[in-house]
Structure formats: C-alpha cells, structure tokens
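Below: one structure, written as structure tokens.
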Amino acid sequence: MNLKQELQQLNDKLDKFRRKLAAAEQRGDAVIVAQFKRDIAAVTKQINSVKTQQSRLLQKQGTDIQHLPFHRALTKAEQADMGQLKKTVKGLVVVHPMTALGREMGLTEVTGFAPAKF
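Counting from 1, position 15 in the sequence shown corresponds to residue 22 in the working numbering; the numbering is continuous, with no gaps.
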C-alpha cells in the first residue's frame, strides 16, 4: 500500500475513534472510554511511524536528485513547453518548490536537475 493511502486510512480511523470516544464520554461508559483512549494512542503511534518513513523517503529522494551534476532554475518559456524540454534533455528531473520534495529540498523556484548541462 502507498504510504499516502496508509496515512489517510490511519487518519480516518483516528477521527472515527475520536468521535466514538466523545459519544462514550457523554454516555459515561468508562470501560469504552478507556478502550478508545488506548486505540487512539496506538493509531497515533502508527501515524507518527508512517510520517517518519515518508520523511526519510523524501530526504533520500532529495539527496539522490541533488547529487545530479547539473541543476538550474527553469525559465517561464521552458516551463510552458515542458514536454519539449524533457525530450531534449535525457534524465531531466523537474522539481517544483510547492511539492513535498521541493519543500524538503528548500527550493524557491522551479528547478531542473540533469546528469548533463542543458
């Protein structure tokens, strides 16, 4: 399963447990409240684990891309005709600053990374 999907499912499960906990607290059912508190703690721990794993994967991907020998910011014209640019430059990786990878790398503008100068 994709990490993003797994994280979404865990967040949904956490939301469901929190709603059921609130209902159990209104009823005054102490046994059910304790059970849902344990469930919430377990799901929160799983969520933190998945987020850590996502972060590690992004860092690894970012370092792999940054190790490419050549990089530069792309002009607006190059961004507009991305298909042509990717056809002419073999191995080009384009990273947008608003994506998770771009934020992880600390980019401020659309940047192309390639094994050769372009």
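All C-beta atoms in this analysis are idealised placements derived from N, C-alpha and C, irrespective of residue type, glycine included.
Between threonine 118 and glutamine 15, the alpha-carbon positions lie close to 29 Å from each other. Taking 9 Å as the cut-off, the beta carbon of leucine 81 is found no closer than this to the beta carbon of leucine 65. Residue environment: glycine 113 is assigned as exposed (fewer than 16 neighbouring CB atoms within 10 Å of its CB, all protein chains considered).
Listed in chain order, the beta strand (DSSP E) elements of length 3 or more contained wholly in the region 41-90 are 77-80.
Only residues of its own chain outside the window of five on either side were considered, and among them none has a CB closer than 8 Å to the CB of glutamine 42. In the three-state DSSP reduction, phenylalanine 125 falls in the coil class, being neither helix nor strand.
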